[in-house]
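S.K.:
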Amino acid sequence: MNNIESENIIKEYLKEVKKALPEWLKDKKEHKEILADLEDHLRENARELSDTGEITTESTYAAIERMGSPKTIAKEYKRRGTPHVYITKEMWPLYLRVLTTVFAVVIVLNVVFMFLGIIFENPSIEQILGNLFSGIQLGFLIAFAVISIIFVVLSMEGYFPEDFKSKKELKKEKALMAKVREEGYPISKKTGKPLKPFIKPLEEIIGGGIGIIAGVFFLTQPIFKGLLDPLFSIIIQIFGILVVVEGTLDVLRGIIGNHKPLTHQIMHTIKVLLKFVWIPLIIFLAFNPQIFPWFYYNEGLELWLNVGVSTEFYDLYRNLMIFIAVIAGLTSIEDIYRIIKIENYK
């Protein structure tokens, strides 16, 4: 009877330990080996603590007390990963990737809602910008809080990024890594994954050069300068400055090439900020069609005249400008994606 009771106690203890183990471990065969080793160790302790050298109810309880509660045992397997703030270093890159991706989605959704609001509600420019920035701010706060809590919990449970991948994916990655090492491709020091060049230097230099030329054209306004509305002329000059700065950054990135990942990330961050300067200016133009030029050549006077946008085309003009603002917002997501991608090259 004593022997049967001891066996039941051991089984119940192992059952509770299994229940307390982190989920990532339960999905692997390792947990069976852990429980088997734990059972052997428990029986060995029970015999050692028994006066007769046989497992008894009393010696089993004493062995369990020595080994610790199921939660204490499971806690050891949750201490996986290197501590880093409240999220482990192993989970940190994935955390940043998820965070920035969700932030990008928040921006896109708010820009889309802004566009729909302009079409169907006809709000003022103050309402548009107020709703846009408050929506983005609220979305960022909620996303940051929810994602951070999830990753803190996952870190406390000892999860690693590879625990979310299927056996097929892990096997495929292993085969790819073997091929990469064999062919001599560069490997990220941080992620251990194979890397491809993250920019094409010549394309960046040519594209940046074209951008600088366009920006200088906007700044100097060599054509029709005297015919432009003064306010429109100033806005175009601001656009020119932004385009020159962005073009210069592209040229510099091309010169640097596939080196200095942090420098590339800083430059992309600046480009994202420049995009956010573009958007309010474009929206301002959308709601002030009277300052936008429309040129007409008068054959009698042999002169170009600025007749402006006809009032019957104001709605079309406004929607077109808002569409351009949306495109400008969406292109910032590309820069955010590149910032995330370059993180792997450090």
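The C-terminal position of the sequence shown is numbered 1366 in this note's numbering, with every residue numbered one higher than the one before it. Idealized CB from N, CA, C, for every residue including glycine. Note that the structure is a prediction, hence the values are computed from the model and not measured.
1. Could you tell me which of LEU1119, ILE1148, THR1120, PHE1123 sits nearest to PHE1133, measuring between CA atoms?
2. Under the DSSP definition of a beta bridge, which residues are partnered with TRP1298?
3. What residues in its chain sit with their C-beta under 6 angstroms from that of VAL1122, if we drop five residues either side in the sequence?
4. Could you check which residue in ILE1254, MET1176, GLU1224, ASN1065 has the C-alpha nearest to that of TYR1081?
5. Determine the direct distance from the alpha carbon of LEU1161 to that of LEU1129, and round the result to whole angstroms.
6. Among LYS1188, ASP1249, ALA1040, which one has its Cα closest to the Cα of GLY1178?
7. Quick one: what does DSSP say TYR1334 is sitting in, helix, strand or coil?
8. Is the beta carbon of GLY1013 less than 8 angstroms from the beta carbon of ASP1270?
9. By the 10 Å Cβ neighbour count, where 16 or more other Cβ atoms means buried, how is GLN1285 classified, buried or exposed?
10. Using a Cβ-Cβ cut-off of 6 angstroms (strictly less than) and excluding sequence neighbours within five positions of ILE1232, which residues of its own chain qualify?
11. Are there 16 or more other CB atoms within 10 angstroms of the CB of SER1175, so buried, or fewer, so exposed?
12. Could you compute how far the alpha carbon of ALA1083 sits from the alpha carbon of THR1077?
13. Compute the beta-carbon to beta-carbon distance between PHE1238 and ILE1256, rounded to the nearest angstrom, for a pair I have assumed lies under 8 angstroms.
14. Does DSSP classify PHE1315 as helix, strand or coil?
15. Using a Cβ cut-off of 8 angstroms (strictly closer), state whether ILE1311 contacts chain B.
16. First and last residue of the beta strand (DSSP E) that includes LEU1323?
17. Going by beta-carbon coordinates alone, are PHE1171 and TYR1115 separated by less than 8 angstroms?
18. Are the CB atoms of ILE1342 and ALA1306 nearer to each other than 8 angstroms?
19. Taking just the CA atoms, how far does HIS1061 sit from ASN1028?
20. So for MET1111, helix, strand or coil by DSSP?
21. If you compare alpha carbons, which of VAL1037, GLU1068, GLY1088, ASN1318 is closest to SER1079?
22. Quick one: any contact between the segment 1327–1339 and the segment 1292–1310, if contact means 3 or more CB pairs under 8 angstroms?
23. How would you call PHE1140, buried or exposed, if buried means at least 16 neighbouring beta carbons within 10 angstroms?
24. May I have the straight-line CA-CA distance separating ALA1124 from GLU1354, to the nearest angstrom?
25. DSSP three-state label for PRO1242, please.
26. Roughly how many whole angstroms lie between the Cα atoms of ARG1086 and GLU1032?
27. Going by the CB atoms, is the gap between VAL1346 and VAL1037 shorter than 8 angstroms?
28. Grab me the residues of LEU1301's own chain with a C-beta within less than 8 angstroms of its C-beta, minus the 5 sequence neighbours each way, in chain order.
29. Tell me which same chain residues have a C-beta within less than 7 angstroms of the C-beta of ILE1356, skipping the five on either side of it?
30. So what does DSSP say about PRO1143, is it helix, strand or coil?
31. Quick one: is GLY1349 buried, meaning 16 or more other Cβ sit within 10 Å of its Cβ, or exposed?
32. Considering VAL1265, what are the terminal residues of the alpha helix (DSSP H) in which it resides?
M.R.: Put simply:
1. Between PHE1133 and the set LEU1119, ILE1148, THR1120, PHE1123, the nearest pair of CA atoms involves ILE1148.
2. BP columns for TRP1298 are empty, so no partner.
3. The beta carbon of VAL1122 lies closer than 6 angstroms to those of ALA1163 in the same chain, with the five residues before and after it left out.
4. Comparing Cα positions, the closest option is ASN1065.
5. C-alpha of LEU1129 to C-alpha of LEU1161: approximately 15 angstroms in a straight line.
6. With distances taken between Cα atoms, GLY1178 lies closest to ALA1040.
7. Note: TYR1334 maps to helix in three-state DSSP.
8. Within the shown structure, residues of the chain are numbered from 1021 to 1366, placing residue 1013 beyond reach of any answer.
9. GLN1285 is buried by the Cβ-count criterion.
10. Closer than 6 angstroms at the Cβ level, and outside the excluded window around ILE1232, lie VAL1264, GLY1267.
11. Buried is the call here.
12. Taking the straight line from one Cα to the other gives about 10 angstroms.
13. About 5 angstroms separates the two Cβ atoms, so the contact holds.
14. The answer is strand: DSSP assigns PHE1315 an E or B state.
15. No chain B appears in this structure, which consists of one protein chain only.
16. Here the beta strand (DSSP E) through LEU1323 covers 1323–1326.
17. Going by C-beta atoms, PHE1171 is nearer than 8 angstroms to TYR1115.
18. In contact: ILE1342 and ALA1306 (Cβ atoms closer than 8 angstroms).
19. As the crow flies, the alpha-carbon of ASN1028 is around 16 angstroms from that of HIS1061.
20. Correct three-state label for MET1111: coil.
21. When only C-alpha atoms are compared, the closest one is GLU1068.
22. Three or more Cβ pairs drawn from the segment 1327–1339 and the segment 1292–1310 lie within less than 8 angstroms of each other, which places the two stretches in contact.
23. Flag for PHE1140 reads exposed.
24. A direct Cα-Cα distance of roughly 9 angstroms separates ALA1124 from GLU1354.
25. Secondary structure of PRO1242 (DSSP, three-state): coil.
26. Distance between the alpha carbons of ARG1086 and GLU1032: 16 angstroms.
27. Their beta carbons are not under 8 angstroms apart, which means VAL1037 does not touch VAL1346 by this criterion.
28. Around LEU1301: ILE1255, ILE1258, PHE1259.
29. The residues are THR1120, ALA1124, VAL1292.
30. DSSP places PRO1143 in the coil class of the three-state scheme, outside both helix and strand.
31. Around the beta-carbon of GLY1349, 16 or more other beta-carbon atoms lie within 10 Å, marking it buried.
32. For VAL1265, the uninterrupted alpha helix (DSSP H) run begins and ends at 1250–1276, by DSSP.
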